[in-house]
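Sequence positions in the sequence shown follow mature numbering (1 follows the signal peptide of the UniProt record, and there is no 0) and run -20 to -1, 1 to 861.
By construction, the Cβ of each residue, glycine as well, lies at the ideal position given by its N, Cα and C atoms.
For reference, the structure discussed in these notes is given below.
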Amino acid sequence: MIPRHFLIFLVFLCVSGGGSNPFQNLEKSAVLQEARLFNETPVNPRKCAHILTKILYLINQGEHMGATEATEAFFAMTKLFQSNDPTLRRMCYLTIKEMSSISEDVIIVTSSLTKDMTGKDDSYRGPAVRALCKITDVSVTCAQRGSLASRPPPPVSLCLLHIIGFLFVAQHLLKTSFDVVKRWVNEAQEAASSDNIMVQYHALGLLYHVRKNDRLSVNKMLSKFMRHGLKSPFAYCMMIRVASKLLEEEDGNRDSPLFDFIESCMRNKHEMVVYEAASAIVNLPSCTAKELAPAVAVLQLFCSSPKAALRYAAVRTLNKVAMKHPSAVTACNLDLENLVTDSNRSIATLAITTLLKTGSESSIDRLMKQISSFMSEISDEFKVVVVQAINALCHKYPRKHSVMMNFLFTMLREEGGFDYKRAIVDCIISIIEENPESKETGLSHLCEFIEDCEFTVLATRILHLLGQEGPRTNNPSKYIRFIYNRVILENEEVRAGAVSALAKFGAQNEDTLPSVLVLLRRCVMDDDNEVRDRATFYLNILEHKQKALNSTYIINGLSVSIPGLERALQQYTLEPSDKPFDLKSVPLATAPTSEQRIENLPVTAARQPEKVVSTRQDIFQEQLAAVPEFKDLGPLFKSSSEPVALTESETEYVVRCTKHTFVNHMVFQFDCTNTLNDQILENVTVQMEPTEGYDVICCVPAKSLSYNQPGTCYTLVSVPEEDPAAFSCTFSCSMKFTVKDCDPNTGEADVEGYEDEYVLEDIEVTVADHIQKVLKPNFGAAWDEVGEDFEKEETFNLSTIKTLEEAVSNVIKFLGMQPCERSDKVPENKNAHTLYLAGVFRGGSDLLVRAKLVLTDTVTMQVTARSKEELPVDVVMASVG
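What follows is the structure, encoded as structure tokens:
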């Protein structure tokens, strides 16, 4: 890392050179040639300092310097200690530290550095100590502690500061020479009672870092200083941080003396200690609003401080509290409103965003006017913070969406960078999704924005949204003009996105279909291959006028894994067959979360990253395909999202299970760890006994499990084909193995072993293990596409569930299906709700479920399931019943 003052020196040189870099065209050979000037007598400090700056610049730019070259330059530089010029001496210290790892025999300057370290000039002692530690062994440095400790406080402080730097910057040296570094403890303990505040701070830091791996020792140290008190506010701040760290390890125990100490620090006379204590309490996990009250009261006082730094610290911390406990900050609203007009715009921005999180619904209009008055004066970074706060407020007060939508659109028309504009677009889209009545207003605002949008990613995203939501509005035709304008005026990526959006209008709305067909025929003549291909494909699909085709290829699209599709196509070309390629042989893509859907922006295939990152399921597919017993199982359908622990983490054997579902089989993967250092386990298998339906085919053992070396074994079972009720099953499991005792030190095992077994927790297979989540953006189109050939409907009474939210959550978790069209969000104060779920049943059949829930005293649920095969529907009904 380049030292701070060296950077300042370089900046000064650049500024003095009219903004250009004076070292831009430096040549290493020319600089080393100039270094011969160091041998001249008398020394020219100004010229020599300039040459050292050039050398440092070359080193920090990554210029390779050979050992011989560096050593020659270093030896010449040692003669510069003859000069007493302070600037030149500091440059010498910097150069010594930078060249210590390149030059040979750098220890030659030890005597010069030792002389500076023990001299009378305070400004030389600290840098000399730090430079000396770079070129000598830790033991050599510690040998100087007697001379340093005998000095008055400033040199001791410098010495301790150096060792703390050692602990932070060179942890590897501490590990290898801990006993040597520990010899400083006696001096540190003496220095901890010094009247000098910096000496006390550095001493406490050293004592903590030497003892930090011994919790009892750290507690004793804290107890000692809590009893006797400290004079240094810096030391108090460090004590508070250490105490809060220990409290976090205790899960924030409020009855601990450490918590009492932090609370007492809020009555300290030093403002920095008071703030540090308040900040520590705020950051403790699981703090309630009542426990936060004293800290919030302190921060409220700081809000009216004449010091800008204190006001900023207070409002920033209150902003953080408001994210989890807005009610705790409500008492500060008046003080925060006074800060809205603060001359420091950073403080004003944080104040307004905090108010947005804690304010009432009646204050929103006034807050929006106050924000408008200074938005043009703050940076994009703070504008993004404001937008995020408005987004949170939209979720809190949905009835105020029109006010916030107009404000956001005003901001959208102003100048700003990509992150700022993306934040606004995300917020508007979020409002549209949460408030259906705001859809048309929001889409109109976004349509106007893309007329002058300079960001391709945002334009394609908005076009994608228009294609999804526009056809379902009252007047879909008004959006077609905005979309087709993009085909005429924009680059090829935006044109491709516009073509896809047009196709969705034609697929979902018969009135707009003729116009869309005309426009797509024009797009077939486009200059770009991607645009032409899309237009041709969508045109051919739409001309068939079949809802099933429209739903599969335009509205909902394919839900297969891209890497899996690539592998399947490659395998199909390598092994010629008379049968057509079957998409059911391709692994499915897992449905994205709501956060991932925000980031997944529609772009053209030609602009996708060159390397497609393999998903977790793709990795499992390759891993299982390498096992000979599984080579004929076909494509992997689904892997469980999280491994299930079958033992406690503290037991002698740790086992976790991952379930893999294939077309007609399931593979149970057991990741095993042997935590006993005096045993080696061989031929490890997990024997499984099902309650019904399933048959165990074979076990693939882990050959050997050494101490703390994880291994994997598998069990293959066949899945029942006909009985829907048998798809849910419980397996009893036991791990069987051969134990060989071994020497913990050498690892040598006995020749003979003995058989043993270890009982594991049961494994449960549910209906969710047979269904893969897929997202259907338009559930109605998918429902019509599947048809009613295999449809069943039943009504159930969920007697143990008292709320619609709980019912929705439990149904989604139990069936393992993907909620569509945000139906997992239950509107407030509603007694009825409809949940839409989509998935693919094992084997590749689409499965759709519509659950109508009504809340009376309990929840009544009417379930309707559709699929193109009968078995998936029967399995769902049997499992729910």
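### Cβ-based burial, Val635 [other Cβ within 10 Å; buried from 16]
Taking the first residue of the sequence shown as position 1, residue 635 is located at position 655. Label assigned to Val635: buried.
### Query
Under the three-state reduction of DSSP, which class applies to Gln752: helix, strand or coil?
Residue 752 sits at position 772 when you count from the first residue of the sequence shown. Here Gln752 sits in strand by DSSP.
### Query
Val295: buried (16+ other C-beta within 10 angstroms of its C-beta) or exposed?
Stepping through the sequence shown from its first residue, residue 295 is reached at position 315. Result: buried.
### Message
Leu604 and Val664 - do their beta-carbons sit closer together than 8 Å?
### Response
As a working mapping, residue 664 is identified with position 684 in the sequence shown. As a working mapping, residue 604 is identified with position 624 in the sequence shown. No.
### Task
Using beta-carbon positions only, say whether Val860 and Val839 come within less than 8 Å of one another.
In the sequence shown, residue 860 corresponds to position 880, counting from 1. In the sequence shown, residue 839 corresponds to position 859, counting from 1. No.
### Query
Given that a residue counts as buried once 16 or more other Cβ atoms are within 10 Å of its Cβ, and exposed if not, what is His444?
Translated into positions along the sequence shown, residue 444 becomes position 464. It is buried - the Cβ of His444 has at least 16 other Cβ atoms within 10 Å.
### Query
Apart from the five residues on each side of it in sequence, which residues of its chain come closer than 8 Å, Cβ to Cβ, to Met218?
Within the sequence shown, the letter at position 238 stands for residue 218. Result list for Met218: Tyr181, Leu184, Gly185 and Tyr188, in chain order.
### Contacts around Leu446, its chain only, beta-carbon distance under 8 Å, and the 5 residues preceding and following it disregarded
Taking the first residue of the sequence shown as 1, we reach residue 446 at position 466. Hits under 8 Å: Leu423, Leu426, Cys427, Tyr459, Phe462, Ile463 and Ala481.
### Message
So, at 6 Å on beta carbons, what are the nonlocal neighbours of Leu519 in its own chain, with the 5 sequence-adjacent residues on each side left out?
### Response
Looking up residue 519 in the sequence shown gives position 539. Excluding residues within five positions, the ones whose Cβ falls inside 6 Å are Leu500.
### Query
Which first and last residues belong to the alpha helix (DSSP H) in which Gln842 is found?
Position 862 of the sequence shown, counted from the start, is the residue given in the question as residue 842. Not the alpha helix (DSSP H): Gln842 falls in the beta strand (DSSP E), residues Val839 to Ser847.
### Task
Whole angstroms is fine: what's the gap from Leu17's alpha carbon to Tyr255's?
Locating residue 17 in the sequence shown gives position 37, counting from the first residue. Locating residue 255 in the sequence shown gives position 275, counting from the first residue. Their backbone Cα atoms lie some 53 Å apart in a straight line.
### Query
Which residue from Val806, Ser9 and Phe717 puts its Cα closest to that of Thr48?
In the sequence shown, residue 48 corresponds to position 68, counting from 1. The option with the nearest alpha carbon to Thr48 is Ser9.
### Task
Identify the continuous alpha helix (DSSP H) that holds Gly178 and give its terminal residues.
Sequence index remark: in the sequence shown, residue 178 carries index 198 (1-based). The question names Gly, but residue 178 in the sequence shown is Met. Element bounds for Met178: Ile177 to Arg191.
### Query
Are the segment 807 to 818 and the segment 771 to 781 touching by the rule of at least three beta carbon pairs closer than 8 Å?
no
### Task
State the start and end residues of the unbroken beta strand (DSSP E) segment that holds Tyr738.
Along the sequence shown, read from residue 1 onward, the residue named residue 738 stands at position 758. From DSSP, the beta strand (DSSP E) with Tyr738 extends over Tyr734 to Val739.
### Task
Alpha carbon to alpha carbon, how far is Lys484 from Glu510? Give it in angstroms, no decimals.
By one-based count along the sequence shown, residue 510 stands at place 530. By one-based count along the sequence shown, residue 484 stands at place 504. Rounded to whole angstroms, Glu510 to Lys484 spans 17 Å at the Cα level.
### Task
Excluding the 5 residues preceding and the 5 following Pro852 in the sequence, name in chain order all residues of the same chain whose CB lies nearer than 7 Å to its CB.
Taking the first residue of the sequence shown as position 1, residue 852 is located at position 872. Cβ neighbours of Pro852 beyond the five flanking positions: Phe821, Ser825 and Leu827.
### the segment 280 to 294 / the segment 236 to 250 touching (three or more Cβ pairs under 8 Å)
no
### Task
Rounded to whole angstroms, what's the CA-CA distance from Ala682 to Ser629? Just pull it up for me.
One-based indexing of the sequence shown puts residue 682 at position 702. One-based indexing of the sequence shown puts residue 629 at position 649. Their Cα atoms are separated by approximately 20 Å.
#### Entry: Distance, Val198 Cα to Ile99 Cα
Within the sequence shown, numbered from 1, the residue matching residue 99 stands at position 119. Within the sequence shown, numbered from 1, the residue matching residue 198 stands at position 218. Note that residue 99 corresponds to Gly in the displayed sequence, not to Ile. Rounded to the nearest angstrom, the two C-alpha atoms are 36 Å apart.
### Query
Are the beta-carbon atoms of Thr440 and Glu473 separated by less than 8 Å?
Within the sequence shown, numbered from 1, the residue matching residue 440 stands at position 460. Within the sequence shown, numbered from 1, the residue matching residue 473 stands at position 493. Yes. Within cutoff.
### Message
Going by C-alpha to C-alpha distance, which of Asp651, Trp763 and Gly691 sits closest to Ile535?
### Response
Walking along the sequence shown from the start, residue 535 turns up at place 555. When only C-alpha atoms are compared, the closest one is Trp763.
### Task
Figure out for me which residue from Cys407, Phe711, Val829 and Thr492 has the closest Cα to the Cα of Met391.
Position 411 of the sequence shown, counted from the first residue, corresponds to residue 391. Comparing Cα-Cα distances from Met391 to each of Cys407, Phe711, Val829 and Thr492, the minimum goes to Cys407.
### Query
Under a three-way DSSP split, which group does Val276 fall into?
Counting from one through the sequence shown, the residue named residue 276 turns up at place 296. Helix at Val276.
#### Entry: Minimum length 4: unbroken alpha helix (DSSP H) runs contained in the segment 755 to 798
List check, alpha helix (DSSP H) in window: 759 to 766 and 784 to 795.
### Query
So does the segment 322 to 334 actually touch the segment 298 to 306, counting three or more Cβ pairs closer than 8 Å?
Enough Cβ pairs lie closer than 8 Å, so yes.
### Cys800 and Lys756 closer than 8 Å at C-beta
For this step, residue 800 is matched to residue 820 along the sequence shown. For this step, residue 756 is matched to residue 776 along the sequence shown. It is a contact, given that the beta carbons lie within the stated cut-off.
### Task
From the DSSP output, in three-state form, read off Asp513 for me.
Indexing the sequence shown from 1 puts residue 513 at position 533. Helix.
### Neighbourhood of Leu279 by C-beta, 6 Å cutoff - its chain only, sequence neighbours within 5 removed
Position 299 of the sequence shown, counted from the start, is the residue given in the question as residue 279. Within the same chain, Leu279 has close Cβ partners Ala258, Ala294, Thr297 and Leu298.
### Query
Is DSSP giving His44 helix, strand or coil here?
Translated into positions along the sequence shown, residue 44 becomes position 64. Of the three classes helix, strand and coil, the one that applies to His44 here is coil, per DSSP.
### Message
Rounding to the nearest angstrom, what Cα-Cα distance links Phe429 and Ile220 in this structure?
### Response
For the purposes of this step, residue 429 is taken as the residue at position 449 of the sequence shown. For the purposes of this step, residue 220 is taken as the residue at position 240 of the sequence shown. Distance between the alpha carbons of Phe429 and Ile220: 50 Å.
### Task
Mind reading off the beta-carbon distance from Asp620 to Gln667? Whole number of angstroms is fine, and I expect it under 8 Å.
The residue you call residue 620 lines up with position 640 of the sequence shown. The residue you call residue 667 lines up with position 687 of the sequence shown. According to the sequence provided, residue 620 is Ser. The question's Asp does not apply to it. Rounded to whole angstroms, the Cβ separation of Ser620 and Gln667 is 20 Å, and the two are not in contact under 8 Å.
### Query
What residues match up with Arg636 in a beta bridge as DSSP calls it?
As a position in the sequence shown, residue 636 is number 656, starting the count at 1. For Arg636, DSSP records a beta bridge to Ala625 and Asp651.
### Task
Name the two residues that bound the continuous alpha helix (DSSP H) containing Ser83.
Locating residue 83 in the sequence shown gives position 103, where the first residue counts as 1. Here Ser83 belongs to no alpha helix (DSSP H), and DSSP marks it neither H nor E.
### Query
Quick one: what does DSSP say Met857 is sitting in, helix, strand or coil?
Locating residue 857 in the sequence shown gives position 877, where the first residue counts as 1. Residue state, collapsed to three classes: helix.
### Task
Kindly indicate which residue of Asn530, Asn654, Asp730 and Pro623 has the alpha-carbon position closest to the one of Asn758.
Counting from 1 along the sequence shown, the entry for residue 758 is found at position 778. Cα-wise, what sits closest to Asn758 is Asn530.
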